[in-house]
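**Q**
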Amino acid sequence: MSLLFPLGPPDDPQERDRRVMEIALREAVAAAQRDEVPVGAVVIRENRLLARAGNQVEQLRDATAHAEMLALTQAFEAVGEKRLVGAELFCTLEPCLMCMGAILHARIARVVYGARDEKFGGVCSLCRGFELEGLNHQVGAVGGIEAEASAELLRAFFQAKRRARKGELPS
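First residue of the sequence shown: 51, per our numbering; consecutive thereafter.
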């Protein structure tokens, strides 16, 4: 585990969230460079970086290899536990329903995400998954942190994909 904030977190929680999201954005950029959908995720607990990952769906040929799932797996290994009580997950895109389920099972305390995912988002777009009745765990969620940067990465990636399908050269 590496120390994320050696002098403690900033006094401003929004600034701390922004700084951690910048790490997730770097993972998203790295994913795009591997020709993966540019989504990045980071797991922290007690201001320690437990894990960071970008999508690897294409590379691993695994539809479940979302950045959030990979970061959770790394975090489990880092702490040697099957639960991540008190941990926070930061991701550049609103988690899908699959990732939302894994977040609940991991007992993540809080999710911070960048851009909304209108097609698959399980936090607030497609449904409000963390608010379902009968859940035995509550997850706090905050969206919109570095949302424009996250959305721009996705726009540029898919625009390049569409151009490539049409045989156009990148601009």
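Even glycine gets a Cβ: it sits at the ideal position worked out from N, Cα and C.
So what does residue 143 bridge to, in DSSP terms?
**A** DSSP lists 165 as partners of residue 143.
**Q** Would you mind sorting residue 142 into buried or exposed? The rule is 16 or more other CB atoms within 10 Å of its CB.
**A** buried
**Q** What residue range is occupied by the uninterrupted alpha helix (DSSP H) comprising residue 76?
**A** Per DSSP, residue 76 is one residue of the alpha helix (DSSP H) stretching across 63-83.
**Q** Suppose you measure from the CA of residue 94 to the CA of residue 181; what does that come to, to the nearest Å?
**A** Straight-line Cα distance between these residues: approximately 23 Å.
**Q** Could you tell me which residues DSSP puts in a beta bridge with residue 94?
**A** 99, 138
**Q** Using the rule of at least 16 other Cβ atoms within 10 Å of the residue's Cβ for burial, across every protein chain shown, is residue 155 buried or exposed?
**A** exposed
**Q** What residue from 73, 89, 67 has the CA that sits closest to residue 208's CA?
**A** 89
**Q** Apply the 10 Å Cβ neighbour rule to residue 196 and answer buried if 16 or more other Cβ atoms are within range, or exposed otherwise.
**A** buried
**Q** Just grab the DSSP bridge partners of residue 125 for me.
**A** The partner list for residue 125 (beta bridge, DSSP) is empty, contrary to what the question assumes.
**Q** Hey, residue 226 and residue 118 are a contact pair by Cβ (cut 8 Å); roughly how many whole angstroms apart?
**A** Because the chain in this structure spans residues 51 to 221, residue 226 falls outside the shown range and cannot be described.
**Q** Any chance you could list the alpha helix (DSSP H) runs of at least 4 consecutive residues sitting entirely within the stretch 154-217, in chain order?
**A** Taken in chain order, the unbroken stretches of alpha helix (DSSP H) that lie wholly in the stretch 154-217 and span 4 residues or more are 197-216.
**Q** Can you tell me which residues form a DSSP beta bridge with residue 104?
**A** 90
**Q** Given a threshold of 16 other Cβ atoms within 10 Å of its Cβ, counted over all protein chains shown, does residue 63 qualify as buried or as exposed?
**A** By the neighbour-count rule (16 or more Cβ atoms within 10 Å), residue 63 is not buried but exposed.
**Q** Do you know offhand how far residue 188's Cα is from residue 72's?
**A** 26 Å
**Q** Which residues in the same chain have their Cβ closer than 7 Å to the Cβ of residue 167, if we skip the five residues on either side of it in sequence?
**A** 143, 144, 146, 175
**Q** For residue 151, does the three-state DSSP call read helix, strand or coil?
**A** In this structure, residue 151 counts as helix in the three-state DSSP scheme.
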